[in-house]
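Undergrad: Final position of the sequence shown in full-length UniProt numbering is 113; the numbers increase by one with none missing.
Sharing a structure with you now.
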Amino acid sequence: MTTEISFDDFLQVDIRVGRIVRVEPFPEARKPAWKLWIDFGPGLGEKKSSAQITTHYTADDLVGRQVLAVVNFPPRQIGPFRSEVLTLGLADAEGAIVLISPERDVPTGARLH
């Protein structure tokens, strides 16, 4: 069952587009993951995220790619890494995560409407 929220509740979730500028392996993670550094442009700057997306993406696939992320959740400590944003994706038929990206390039830091 889906819980209804108000439009004002939705507006509180700040989803922005950023460009992945750096990727490193995250061998300490319980499930295979990448450490991502994502540039959200002036105002937000660069933020870190841990993402369990190793099934579909290599480090080379990710650098330069635009992704959507929730930027106003509190940071989360994941082992030795502090994840500052939640990178968004959807599970495929096997449960592996596929990133959500804009169809075309948009300005870094643009907010989802």
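Heads up, the beta-carbon is just placed ideally off N, CA and C, and yes, glycines get one too.
Would you mind working out which of Asn-72, Ala-96, Val-85, Gly-109 sits nearest Phe-10, comparing C-alpha positions?
TA: To locate residue 10, count along the sequence shown from 1; it is residue 10. Answer by Cα proximity: Asn-72.
Undergrad: Provide the residue span of the alpha helix (DSSP H) that contains Gln-52, from first to last.
TA: Reading the sequence shown from its first residue, position 52 is the one you call residue 52. Careful: Gln-52 lies outside any alpha helix (DSSP H) and carries neither H nor E.
Undergrad: Locate the alpha helix (DSSP H) running through Phe-81, then write down its first and last residues.
TA: In the sequence shown, the residue the question calls residue 81 occupies position 81. Taken as a continuous stretch (DSSP letters only), Phe-81 belongs to no alpha helix (DSSP H), being part of the beta strand (DSSP E) at 81-83.
Undergrad: Could you check whether the Cβ of Gly-41 sits closer than 9 Å to any Cβ belonging to chain D?
TA: This model lacks chain D altogether; it includes just one protein chain.
Undergrad: Beta carbon of Val-70, beta carbon of Val-85: below 9 Å?
TA: In the sequence shown, the residue the question calls residue 70 occupies position 70. In the sequence shown, the residue the question calls residue 85 occupies position 85. Going by C-beta atoms, Val-70 is nearer than 9 Å to Val-85.
Undergrad: I'd like the span of the alpha helix (DSSP H) that includes Asp-39, first residue to last.
TA: Indexing the sequence shown from 1 puts residue 39 at position 39. Looking at the DSSP string, Asp-39 is not in any alpha helix (DSSP H); the run it does join, the beta strand (DSSP E), is 34-39.
Undergrad: Are the beta-carbon atoms of Thr-108 and Arg-19 separated by less than 9 Å?
TA: Locating residue 108 in the sequence shown gives position 108, where the first residue counts as 1. Locating residue 19 in the sequence shown gives position 19, where the first residue counts as 1. Yes; because the gap between Cβ atoms is below 9 Å, this pair is in contact.
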